[in-house]
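Enquirer: Residue numbers (our numbering), protein chains in the order written: chain A, 76 to 570; chain B, 48 to 440. In this text, a Cβ means the ideal position worked out from N, Cα and C, and glycines have one as well.
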Amino acid sequence: QVQLVVPIAVVFSPGSVPGDLLRPLPFRDVQEMEISVNLRTSVTSRYEMLYRSTTGQEEAALAAATAREADAALHPLQDTTLGSLTMYVVPETSSLLPQGINVYVGKHRSALLRAGGSLAALQARLREVTQVMSFTASSIAAALSDRVPNGQLSPDARRYLKSSLGYEITFSLLNPDPKSHTVDWDIEGAVNRYVKPVLDKLSLVANFSVDSQILYYAVLGVTPRYDKESSSFLLSAHSLPHVINPVEARLGSSAASLYPVLNFLLYVPERSHSPLYIQDKDGAPVSTNAFHSPRWGGIMVYNVEAPASPQASLPLHVDVDMARVMEVFLAQLRLLFGLSREEVPPEFLLESPGNEGLADWELDHLLWAHTVENIATVSTTLTSLAQLLDKIGNIVIKDDVASEVYRAVASVQSAVTELSLGHLHAAFQASKEAVTSSERAFFDPSLLHLLYFPDDQKFAIYIPLFLPMAVPILLSLAKIVRETRQHKKEPTKMD
Amino acid sequence: MAAAVPGATRAGAAAVLLLLGCCGPVLAGGLQDQAEQFFRSGHTNNWAVLVCTSRFWFNYRHVANTLSVYRSVKRLGIPDSHIVLMLADDMACNPRNPKPATVFSHKNMELNVYGDDVEVDYRSYEVTVENFLRVLTGRIPPSTPRSKRLLSDDRSNILIYMTGHGGNGFLKFQDSEEITNVELADAFEQMWQKRRYNELLFIIDTCQGASMYERFYSPNIMALASSQVGEDSLSHQPDLGIGVHLMDRYTFYVLEFLEEIHPASQTNMNDLFQVCPKSLCVSTPGHRTDLFQRDPQNVLITDFFGSVRKVEITTETVSLDQDVAGFESKFPEEELATEPLKYAEQLPVAQIIHQKPKQKDWHPPGGFILGLWALIIMVFFKTYGIKHMKHVF
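Following this line, the structure appears as structure tokens:
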């Protein structure tokens, strides 16, 4: 059974200790919760809480003017190992948090909470925050989605990218009308400035490789509708699914790597179809002018302003505003991985992670989900490999396949142990190794067993071969047996 | 090509809401749409594996069958990168083809299914049972290019179409080997164990085709065959100009049916089951849906033949600070010392040439052979007497 241990430090600033606290600070407490995925699989989550009061330095940091400054000042004083969380409790009436906000989640691994009056209210708030910052029952269930019985999980929960050892990101610029627009995009600069920081942070999760391309005369598969009121062209929401396919054929999903490919397309509409807006299902134009498809990537429409004078010479030179484009693409990248900030209760204030793209606790969120998913995948793979070998008795297992299996088993055991000790980083690395080894063992080309011998075929082949040969042998055997018996009887007779 | 989308019909609106999957405001039909959502397939991509297993000019119709299905599948949206096309022989450039570089599927050469953009992944002698099973199970040598792999995941719907000559329980590959229904069922089970498909549609157009799907036992598989056990699937029409039969009946009528499907259509599987009645096909097409979890009524043709993606509107953005100067990566890229490229030594040739032949250890004959010889020798000497021994030694 898998036990997920989250070490949490709850730090009370002066004046925020609830009156009904049973024991004097500092003390430790453990809360366990079982998340059951199906009848046989369940994951236990264990929050190891250490309650203590603030040190002098922490008090000084909490005296800052805004929550953001306090968070920045507290960051060097915290335990920043992957998977651990620190909660600072401030008095109910503190002005550190804005009005109406009860919880402030920073961009590292800490949060500021209001005391909340009673211990029970504080506990409830703590539980909410820790779930947002680490994992919830639904995120674990989504990670283990192939074990959840059909019908219990909505189809949407299976849309996030599966845990993989690497991902390929391809940025494509689609210019269907090169006669009217000469589009220049500084993709290399944009990748270095905006995308690399995010991928650097995500490098813990997987290897990323980035490439880019420009496609000319690539049109969308759908003709947009002209809307007189806004004098623009509109792509309605229900035509969006048909946009991707004609383009995909031209994208040339990378021939070199076997990792899942994420495509981010920037479409500059033709002069005759400008400006082009995407409509959501209510009919309102979408502010980002972009949409994404789970496990595939995203498309953004970049409108070029009409030239000032109608006699302006074509083609128009267009310099793409890469910052605006990357804001949308990085948001889509986050959504593809499942890092959405939409399901957070309204009294929470989440700090924006800025150019890093994702907060530390969001990285932890991904790591928890991926570790659990990896462990589940390894156990399924090894079980099915064992079943296969049981069923087909005469498959030959090569030595390296056997050693990969042993390595996979050792790694997965170490991953489970590390999880139960609360070491998320080590557990994740071990689970990645386990997945690599088990996949290598399962998909080894030598394990293909082609020869299927049904029983009637065996009879049909061997009987004509051996029956004629066997007839004289069996008859002679019978003769031998008779003679031996007679021989045994004779001595008694001769006496 | 993809036509303009039809107006907002009731079914269209339901499809919109389902495809978006947004948690938007609850509309009047909101609850019903939620219920319908559970009946929709949860797939995010589509794959197709199309196999023609027969060689020789007179099996032109099998290649035409496969290419027709390929054409429909591409027209409805599945890209080449997601199609594994296996053709056992080359009809378009066959010396006996009076119209080179074409493969026709209608009489009077109406429809050329071998156009400019046909991408055959496994051709000619590469179409073997072993390669087919390797593609399905994923146990492929690491040197195989990406176009020859089935890189499906647990959210893929796969269409598998096979055609050729078959019999009760087997399908003939290249006139030299067979794949049995048990092997096929085991291959599908291996795919299920590794969750290499979400749902699978298996179509087979051979004689006694129904025998091939009898042994399936993995979930989420729907199967169609052109004839029952004991019946032969017949070919459709010979073309006097080319001199061979151009297509098989079942696939011909399936193709006619598919020509009316466009990417946004809502036709379901029950219509596909009715496609070739006995009056047209002479054989009785069969189908098997007991392993499939959804009701065929709710399964769209485009769930397997087309590639309609789930799409969500992006409503969030990341706020970026534009004044960031150059970025120093935490993990600077290692500068690999680049040597001039040389031809790589793939085998240690010098070692191999000068190797002494390995002494194979002699093992005494074991088990069965030993017993058989002992029996023969004992019988010989018992029957003819021990006195012959001295002549032997």
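Indicate the three-state DSSP secondary structure (helix, strand or coil) for B/Asp252 in the structure shown.
Expert: In the three-state scheme derived from DSSP, where H, G and I count as helix and E and B as strand, B/Asp252 is classed as strand.
Enquirer: What three-state label does DSSP hand B/Glu230 in the structure shown?
Expert: helix
Enquirer: Taking B/His309 as the reference, which of B/Ser354, B/Ser282 and B/Ser330 has the closest Cα?
Expert: B/Ser354
Enquirer: Check distances from the C-beta atoms of the stretch 373-401 of chain A to those of chain B and list, in chain order, the residues that come in under 7 Å.
Expert: Gly373, Ala398 and Met401
Enquirer: Only counting runs of 4 or more residues, tell me where the alpha helix (DSSP H) segments fall wholly within the stretch 292-357 of chain A, in order along the chain.
Expert: 319-326
Enquirer: For the stretch 473-482 of chain A and the stretch 526-546 of chain A, state whether three or more C-beta atom pairs, one from each stretch, are separated by less than 8 Å.
Expert: no
Enquirer: Nearest CA to the CA of A/Val491: which residue from A/Ala509, A/Ala477 and A/Asp475?
Expert: A/Ala509
Enquirer: What first and last residue would you give for the beta strand (DSSP E) that runs through A/Met397?
Expert: A/Met397 -> not in any beta strand (DSSP E); alpha helix (DSSP H) instead, spanning Met397 to Phe412.
Enquirer: Do B/Phe320 and B/His334 come within 8 Å of each other at the CB atom, strictly closer than that value?
Expert: yes
Enquirer: Just checking: is the beta-carbon of A/Leu248 within a distance shorter than 8 Å of some beta-carbon in chain B?
Expert: no
Enquirer: Which two residues bound the contiguous alpha helix (DSSP H) that contains B/Ile399?
Expert: Val396 to Ile400
Enquirer: When the Cβ atoms of the stretch 159-175 of chain A are set against those of the stretch 77-96 of chain A, are three or more pairs found closer than 8 Å?
Expert: Because the criterion of three Cβ pairs below 8 Å is met, the stretch 159-175 of chain A and the stretch 77-96 of chain A touch.
Enquirer: Could you tell me whether any Cβ in chain A is nearer than 8 Å to the Cβ of B/Lys241?
Expert: So, interface residue.
Enquirer: Using the Cα positions of A/Tyr291 and B/Lys241, report the straight-line distance between them to the nearest angstrom.
Expert: Between the alpha carbons of A/Tyr291 and B/Lys241 lies a distance of about 39 Å.
Enquirer: Starting from A/Trp443, find everything on chain B with Cβ-Cβ shorter than 8 Å and list it in chain order.
Expert: Those do not exist, as A/Trp443 stays about 20 Å from chain B at its closest Cβ, beyond 8 Å.
Enquirer: Which value, in whole angstroms, describes the spacing of the CA atoms of A/Val322 and A/Ser311?
Expert: About 18 Å.
Enquirer: Apply the 10 Å Cβ neighbour rule to A/Phe412 and answer buried if 16 or more other Cβ atoms are within range, or exposed otherwise.
Expert: buried
Enquirer: May I have the straight-line CA-CA distance separating A/Glu422 from A/Glu167, to the nearest angstrom?
Expert: 14 Å
Enquirer: On the criterion of 16 or more Cβ atoms from any shown chain inside 10 Å, does A/Thr559 qualify as buried, or is it exposed?
Expert: exposed
Enquirer: What residues in the stretch 446-474 of chain A have a beta carbon less than 9 Å from any beta carbon of chain B?
Expert: Within the stretch 446-474 of chain A, the qualifying residues are Thr452, Thr455, Thr456, Thr458, Ser459, Leu460, Gln462, Leu463, Lys466 and Ile467.
Enquirer: Quick one: residues in its chain with C-beta nearer than 8 Å to the C-beta of B/Gly162, no 5 flanking neighbours on either side, listed in chain order?
Expert: Arg118
Enquirer: Using 10 angstroms around the beta-carbon of A/Ile244, count the other beta-carbons present and answer buried if the total reaches 16, otherwise exposed.
Expert: buried
Enquirer: Mind checking if A/Trp436 is an interface residue toward chain B, Cβ cutoff 8 Å exclusive?
Expert: no
Enquirer: Just to make sure I have the definition right: I need the residues of chain B whose C-beta is within less than 8 Å of the C-beta of A/Arg416. Which are they?
Expert: Those are Glu363, listed as they occur along chain B.
Enquirer: Going by C-alpha to C-alpha distance, which of B/Val96, B/Leu302, B/Ala421 and B/Pro404 sits closest to B/Phe249?
Expert: B/Val96
Enquirer: What separation, rounded to the nearest whole angstrom, lies between the Cα atoms of B/Phe85 and B/Glu359?
Expert: Since pLDDT at B/Phe85 reaches only 47, below the 50 mark, its modelled position is unreliable, and the value read off the structure follows with that caveat. B/Phe85 and B/Glu359: Cα-Cα distance of roughly 18 Å.
Enquirer: Measure from the C-beta of B/Gln221 to each C-beta in chain A and report whether the shortest distance is under 8 Å.
Expert: no
Enquirer: Just by C-beta distance, which residues in the stretch 259-275 of chain A are closer than 7 Å to chain B?
Expert: Correct list: Asn267, Arg268, Tyr269, Lys271, Pro272 and Asp275.
Enquirer: Report the rounded CA-to-CA distance for B/Gly68 versus A/Tyr269, giving the unit in angstroms.
Expert: Annotation note: pLDDT 39 at B/Gly68 (below 50); position unreliable, coordinate value reported separately. If I take the Cα positions, the gap works out to 29 Å.
Enquirer: Starting from the C-beta of B/Leu271, find all residues in its chain whose C-beta is less than 6 Å away, skip the five residues before and the five after it, and write them out in chain order.
Expert: Ile250 and His334
Enquirer: Going by beta-carbon coordinates alone, are B/Pro266 and B/Leu338 separated by less than 8 Å?
Expert: yes
Enquirer: Compare the Cα-Cα distances from A/Tyr377 to each of A/Val395, A/Asp259 and A/Asp474 and report the closest residue.
Expert: A/Val395
Enquirer: How long is the line joining the alpha carbons of B/Tyr208 and A/Gly327, rounded to whole angstroms?
Expert: When rounded, the separation of the alpha-carbon atoms in B/Tyr208 and A/Gly327 is 25 Å.
Enquirer: Does the structure place the stretch 297-304 of chain A close enough to the stretch 243-263 of chain A that three or more beta carbon pairs sit under 8 Å?
Expert: Output reads no: the stretch 297-304 of chain A does not touch the stretch 243-263 of chain A.
Enquirer: For the 8 Å Cβ check, are there 3 or more pairs between the stretch 461-472 of chain A and the stretch 491-508 of chain A?
Expert: no
Enquirer: Can you tell me the Cα-Cα spacing of B/Ser273 and B/Ser330, whole angstroms?
Expert: 7 Å
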